[in-house]
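Those protein sequences? They're chains R and A, same order as listed.
The first sequence begins at 65 in our numbering and counts up by one.
The second sequence begins at 14 in our numbering and counts up by one.
Backbone N, C-alpha and C define an ideal beta-carbon position, used for all residues, glycine too.
Beneath this line is the structure, given in structure tokens, with notes to follow.
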Amino acid sequence: MNEGKIWTVVNPSVGVPLFLGGVTAIALIVHFAILSHTTWFSGYWQGGARGMAAAPVTAPAVTAPAAATPTPAATPAP
Amino acid sequence: MADNDPNRVWPSGLTTREAEELHDGLKQGTRIFGAIAVIAHILAFMNTPWLH
Numbered sequence: 065m066n067e068g069k070i071w072t073v074v075n076p077s078v079g080v081p082l083f084l085g086g087v088t089a090i091a092l093i094v095h096f097a098i099l100s101h102t103t104w105f106s107g108y109w110q111g112g113a114r115g116m117a118a119a120p121v122t123a124p125a126v127t128a129p130a131a132a133t134p135t136p137a138a139t140p141a142p
Numbered sequence: 014m015a016d017n018d019p020n021r022v023w024p025s026g027l028t029t030r031e032a033e034e035l036h037d038g039l040k041q042g043t044r045i046f047g048a049i050a051v052i053a054h055i056l057a058f059m060n061t062p063w064l065h
């Protein structure tokens, strides 16, 4: 990274704002592109749906089979 | 800013040392920006459907 001498050619009072402005413009363009091509970005700003995006792919927990308890019909009433 | 200073390089009129000093600041700022961006992307990966 030996480009420091650029500032002997490009006037820094012009080059530095241009550089920082360019970075800002790119950041705004990328954020706007994501905002307009996804639902979750605007959804985040909309708020309300807590934890929806956090667990989209977890498999549903398998409940233990209820075979252990005898069926009521099998035992005669006392 | 003496006009006939041999160290001053035109067209910008800075000395090479001043240019390097300014550039060091710009590089440091870029590193900080980069670090913040890495953290932001990790948070985005963890908390959004991005790349899932």
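Worksheet entry | One or two residues paired with Arg-21 (chain A) in a DSSP bridge | As a working mapping, residue 21 (chain A) is identified with position 8 in the second sequence. DSSP lists A:Thr-28 as partners of Arg-21 (chain A).
Worksheet item: If you measure from the beta carbon of Pro-81 (chain R) to each beta carbon in chain A, is any gap under 8 Å?
Response: Position 17 of the first sequence, counted from the start, is the residue given in the question as residue 81 (chain R). Not an interface residue.
Item to complete: Look at the Cβ atom of Lys-69 (chain R), then the Cβ atom of Thr-29 (chain A), and state whether they are nearer than 8 Å.
Response: The sequence position of residue 69 (chain R) within the first sequence is 5, counting from 1. The sequence position of residue 29 (chain A) within the second sequence is 16, counting from 1. A contact, by the Cβ cut-off of 8 Å.
Item to complete: Just the chain A side, please: which residues come within less than 7 Å of Thr-72 (chain R) by C-beta, in chain order?
Response: Along the first sequence, one-based indexing puts residue 72 (chain R) at 8. Within 7 Å Cβ-Cβ: Val-22, Ser-25, Leu-27, Thr-29, Ala-32.
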